[in-house]
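Below: one structure, written as structure tokens.
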Amino acid sequence: MPYLARLEKAGIPTVVIDFEDQTEMVKQTALVNGIPNVRYLHASRVLTGPEDVDNIIGPIMEALTEPLTDKEKETGRWEPPQQRILFEGTLDEAETFYQKTTLVPFPINAPIAVYTDGLPIRVPTEERVREMLTGTRHKPDELITYQSERPAMMRGREKKKGDVVEFEPMKMTATVEKVATIAVMAGCKPEHLPAVLAIAESSCSTGTTVFWGQWVCISGPYAKEIGMNVGAGMIDPGSPVNMPIGRAYQLIAINLGGATPGVNRMNSIGSPFNSGGTCFAENADGLPAGWKGLNEEYGFKKDESVAMVMNVGGSIQGGQFSPGGYRALQKSGHGGIARRLDVKGTPGPHNFLEYLLPGFWASREGGITFVMVPEMAQHLHDYGFKTKDEVYEWVQKRSLTTVEHYKTYSWPDIGTNGWLGIEPTSGKHWKELADDYLVPLVNDPRDICIIVGGGEEEVCQELAGRRGASSPVYSIDAWR
Numbered sequence: 003m004p005y006l007a008r009l010e011k012a013g014i015p016t017v018v019i020d021f022e023d024q025t026e027m028v029k030q031t032a033l034v035n036g037i038p039n040v041r042y043l044h045a046s047r048v049l050t051g052p053e054d055v056d057n058i059i060g061p062i063m064e065a066l067t068e069p070l071t072d073k074e075k076e077t078g079r080w081e082p083p084q085q086r087i088l089f090e091g092t093l094d095e096a097e098t099f100y101q102k103t104t105l106v107p108f109p110i111n112a113p114i115a116v117y118t119d120g121l122p123i124r125v126p127t128e129e130r131v132r133e134m135l136t137g138t139r140h141k142p143d144e145l146i147t148y149q150s151e152r153p154a155m156m157r158g159r160e161k162k163k164g165d166v167v168e169f170e171p172m173k174m175t176a177t178v179e180k181v182a183t184i185a186v187m188a189g190c191k192p193e194h195l196p197a198v199l200a201i202a203e204s205s206c207s208t209g210t211t212v213f214w215g216q217w218v219c220i221s222g223p224y225a226k227e228i229g230m231n232v233g234a235g236m237i238d239p240g241s242p243v244n245m246p247i248g249r250a251y252q253l254i255a256i257n258l259g260g261a262t263p264g265v266n267r268m269n270s271i272g273s274p275f276n277s278g279g280t281c282f283a284e285n286a287d288g289l290p291a292g293w294k295g296l297n298e299e300y301g302f303k304k305d306e307s308v309a310m311v312m313n314v315g316g317s318i319q320g321g322q323f324s325p326g327g328y329r330a331l332q333k334s335g336h337g338g339i340a341r342r343l344d345v346k347g348t349p350g351p352h353n354f355l356e357y358l359l360p361g362f363w364a365s366r367e368g369g370i371t372f373v374m375v376p377e378m379a380q381h382l383h384d385y386g387f388k389t390k391d392e393v394y395e396w397v398q399k400r401s402l403t404t405v406e407h408y409k410t411y412s413w414p415d416i417g418t419n420g421w422l423g424i425e426p427t428s429g430k431h432w433k434e435l436a437d438d439y440l441v442p443l444v445n446d447p448r449d450i451c452i453i454v455g456g457g458e459e460e461v462c463q464e465l466a467g468r469r470g471a472s473s474p475v476y477s478i479d480a481w482r
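Heads up, the sequence shown is in our numbering, so the first residue is 3 and it goes up one at a time.
Right, here's the structure in full:
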């Protein structure tokens, strides 16, 4: 859409081709990009390619050749309202007000909450918001801006320290007070506010289509200070700290970003990460010697606290083993895992990732985030991986596959420019490469991530999605 906006503003007609169920998303995206009356047509999700093209090619050519009307030439930056939403009345009346819903037609055809995530919230009274603001030194009317010198790429545009954060998807801006209001609604306490402000710095994107999931991981001493659960069930319900902080992400996306299911938040099915919000913390005490925490991995100090804010479109896989199966492998080299790894009868440590490897890229490609309990991280260390980077490099090298196999995945059709681009490891055009030439399913070792935390039972959770060089990590200390 930004490219279409440049063309339209130059007087060149354009047309968006999308699907009927995404009409409202197209309208809102066009509004944000300053071309509110862009032309759009609907393709079909079910017709065959040739039949679909035959139906739409005429209207496409007409839309591209007809001069822009005066209405279509209207441009300008959309400036969302910044007023405070106040309600005067009893507490019961306020609770009813904040639970207001609106009927979203196709593709939902059901009521959707206007101000909440569908669950009851704590009413943000003036007194409660003032109390929440005691959790930060920042002034209530201060705009949320990027606090770090580390540049972050937001939808292709570099953002630097001091730039105003534009909340996705409607590019709204917000003050510290507005974020504090959201923290109250989510059930946070004042000491949680620095984490919520760091999350807000991420702009709280919700993605567009498919099944984008949002989750937050806290790294550094702050997690222990505020009593986060880093042990058993750290992603489960129950923690009065993890839960409200995670929930704040979704309430920010709704209230400060304008994200609405079926309108501009088009998760076809959705993700369990987004139901109530997901925030957990790294267990710094469980890191093996020589392994850095997320804070140090991103250039912060060990005593600095940060929030990794991830918005990934991908699956959740679990490396769970039969009762005692993993322990049999590591203790004495017995059981099915040992047989597969050809280490039967040899006591550990053994590299359990070898056992999980066949499932990593069975139906997708790209980076992986591993959430593993401290014991399993220690086994990798004892096996020989003295740093996380050594694990990342090992996984990335194991992602090599042939060009012939690579062509059977979905995303490369886009990433290779329809196979007309240059393959980076060889410097050659894709079509010049032999079928047996090896290319990586993970481009950069830093697209792999390890988070250590959880209980005593040996489990490794695999979360699809890359973190990459966009540095989705924000300082909590900057917002204290």
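Glycine included, C-beta positions come from ideal geometry on N, C-alpha and C.
Just mark residue i as buried or exposed, buried being the case when its beta carbon has 16 or more other beta carbons within 10 Å.
i           : result
residue 483 : Since the first residue shown for the chain is 3 and the last is 482, residue 483 is missing from the structure and cannot be characterised.
residue 220 : buried
residue 413 : exposed
residue 158 : In this prediction, residue 158 has a pLDDT of 49, which is less than 50 and means its spatial position is unreliable; what the coordinates show is noted afterwards. Flag for residue 158 reads exposed.
residue 93  : exposed
residue 313 : buried
residue 276 : buried
residue 238 : exposed
residue 234 : exposed
residue 399 : exposed
Please work out which residues of its chain come closer than 6 angstroms, Cβ to Cβ, to residue i, disregarding the five sequence neighbours upstream and downstream, and give them in chain order.
i           : result
residue 99  : 89
residue 481 : 138, 196, 199, 200
residue 26  : 265
residue 16  : 6, 9, 10
residue 255 : 206, 208, 261
residue 411 : 367
residue 51  : none
residue 439 : 405
residue 229 : 243
Just to confirm my understanding: we take residue i, look at its own chain, exclude 5 residues before and 5 after, and list those with CB closer than 8 angstroms. What are they?
i           : result
residue 375 : 288, 454, 455, 456, 457, 458, 459, 460, 461, 462
residue 54  : 45, 46
residue 36  : 7, 11, 77, 78, 79, 80
residue 106 : 112, 113, 114, 262, 263, 264, 265
residue 415 : 421
residue 174 : 82, 168, 258, 259, 260
residue 377 : 458, 460
Looking at the secondary structure, which residues open and close the alpha helix (DSSP H) in which residue i lies?
i           : result
residue 432 : Neither: residue 432 is in no alpha helix (DSSP H) and is coded neither H nor E.
residue 332 : 327 to 334
residue 360 : That residue, residue 360, is in no alpha helix (DSSP H); it is neither H nor E in DSSP.
residue 416 : 414 to 417
residue 313 : It is not in any alpha helix (DSSP H) - residue 313 instead sits in the beta strand (DSSP E) that spans 308 to 315.
residue 251 : 244 to 257
residue 99  : 93 to 100
residue 30  : 25 to 34
residue 396 : 390 to 399
residue 380 : 376 to 385
residue 405 : 405 to 408
residue 130 : 128 to 134
residue 5   : 4 to 11
Rounded to the nearest angstrom, how far is the Cβ of residue i from that of residue j, given a contact under 8 angstroms?
i           : j           : result
residue 123 : residue 187 : 4 angstroms
residue 320 : residue 327 : That belief does not hold up - the Cβ atoms of residue 320 and residue 327 are roughly 14 angstroms apart, past 8 angstroms.
residue 250 : residue 182 : That pair is no contact at about 10 angstroms.
residue 23  : residue 109 : 4 angstroms
residue 373 : residue 465 : 7 angstroms
residue 30  : residue 171 : 7 angstroms
residue 203 : residue 117 : About 22 angstroms separates the two Cβ atoms, so there is no contact after all.
Please tell me whether residue i has its Cβ less than 7 angstroms away from any Cβ of chain B.
i           : result
residue 303 : Any reference to chain B falls outside this structure, which holds one protein chain only.
Excluding sequence positions up to five away, which residues of its chain have a Cβ less than 7 angstroms from the Cβ of residue i?
i           : result
residue 28  : 18, 20, 42
residue 133 : 192
residue 96  : 89, 125
residue 39  : 73, 74, 76
residue 272 : 213
residue 66  : 15, 17
residue 347 : 335
residue 418 : 432
What residue does the beta strand (DSSP E) around residue i start on, and which one ends it?
i           : result
residue 442 : 440 to 442
residue 337 : Residue 337 -> no beta strand (DSSP E), and no H or E assigned at all.
residue 113 : 112 to 115
residue 42  : 41 to 45
Query - At least 3 beta-carbon pairs within less than 8 angstroms: the stretch 202 to 217 vs the stretch 266 to 274 - result: yes
Query raised in the report: For the 8 angstroms Cβ check, are there 3 or more pairs between the stretch 242 to 258 and the stretch 6 to 20?
Result: no
Query raised in the report: Do the stretch 354 to 366 and the stretch 390 to 408 meet, that is, are 3 or more Cβ pairs less than 8 angstroms apart?
Result: yes
Query raised in the report: So, do the stretch 290 to 304 and the stretch 50 to 63 have three or more beta carbon pairs nearer to each other than 8 angstroms?
Result: no
Query raised in the report: Would the stretch 415 to 426 and the stretch 272 to 286 be scored as touching if the rule is three or more Cβ pairs under 8 angstroms?
Result: no
Query raised in the report: Counting Cβ pairs, one atom from each stretch, are 3 or more of them under 8 angstroms apart for the stretch 380 to 394 and the stretch 446 to 453?
Result: yes
Requested in this report: Tell me, please, whether the stretch 220 to 237 touches the stretch 298 to 311 by the rule of three or more beta-carbon pairs shorter than 8 angstroms.
Outcome: yes
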